[in-house]
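Asks: Numbering (the numbering used here), first residue to last: 764 to 885. We treat Cβ as the ideally placed atom computed from N, Cα and C, and that holds for glycine. For clarity, every value in this text was computed on a predicted model and none was experimentally measured.
1. Go through the region 808–834 residue by residue and report every complete run of the alpha helix (DSSP H) that reaches 4 residues or more, in order.
2. Just the C-alpha distance for residue 779 and residue 809, rounded to the nearest angstrom, thanks.
3. Is it the case that the Cβ atoms of residue 790 and residue 861 are separated by a distance below 8 Å?
4. For the alpha helix (DSSP H) holding residue 783, just list the boundary residues, first then last.
5. Can you give the Cα-Cα distance for residue 776 and residue 786, rounded to whole angstroms?
6. Just to check my reading of the structure: residue 831 and residue 856 have Cβ atoms closer than 8 Å, yes? What is that Cβ distance to the nearest angstrom?
7. For a quick check, are the C-beta atoms of residue 781 and residue 870 less than 8 Å apart?
8. How about residue 794 and residue 820: do their beta carbons lie closer than 8 Å?
9. By alpha-carbon positions, which one of 849, 770, 805 ends up nearest to residue 825?
10. Beta carbon of residue 828, beta carbon of residue 853: below 8 Å?
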């Protein structure tokens with residue numbers, strides 16, 4: 764199989780953008796902290812009314828989470844989709860945004876310059 768969907772080099776580059784830089788790691792750490800907070804609030808804190816703790820995870824996953832949720836409501840009659848779809852959409856949204864943050868951080872670090880085909884001395 765000579766043409767794979769993504770080469771190993773492309774997958775490594777994507778993983779570096781998503782997990783291998785400080786900006787993405789800080790973002791993923793914030794998402795993890797919010798998720799732990801929501802889990803603890805849901806499992807161990809009694810509320811008279813519904814808790815809005817889960818809003819923080821959606822806030823951190825915005826705006827890409829809304830693309831998935833709008834897409835699911837257009838595709839099916841169930842607004843928001845089943846629970847497994849919402850969780851999957853959250854995970855994919857966070858990973859897409861971590862990758863985008865990594866790409867943006869790399870772009871800023873390079874000063875907005877793209878790679879040149881010419882050697883630096885030429």
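Replies: Short version:
1. 818–824
2. 41 Å
3. yes
4. Residue 783 -> no alpha helix (DSSP H), and no H or E assigned at all.
5. 16 Å
6. 6 Å
7. no
8. yes
9. 849
10. yes
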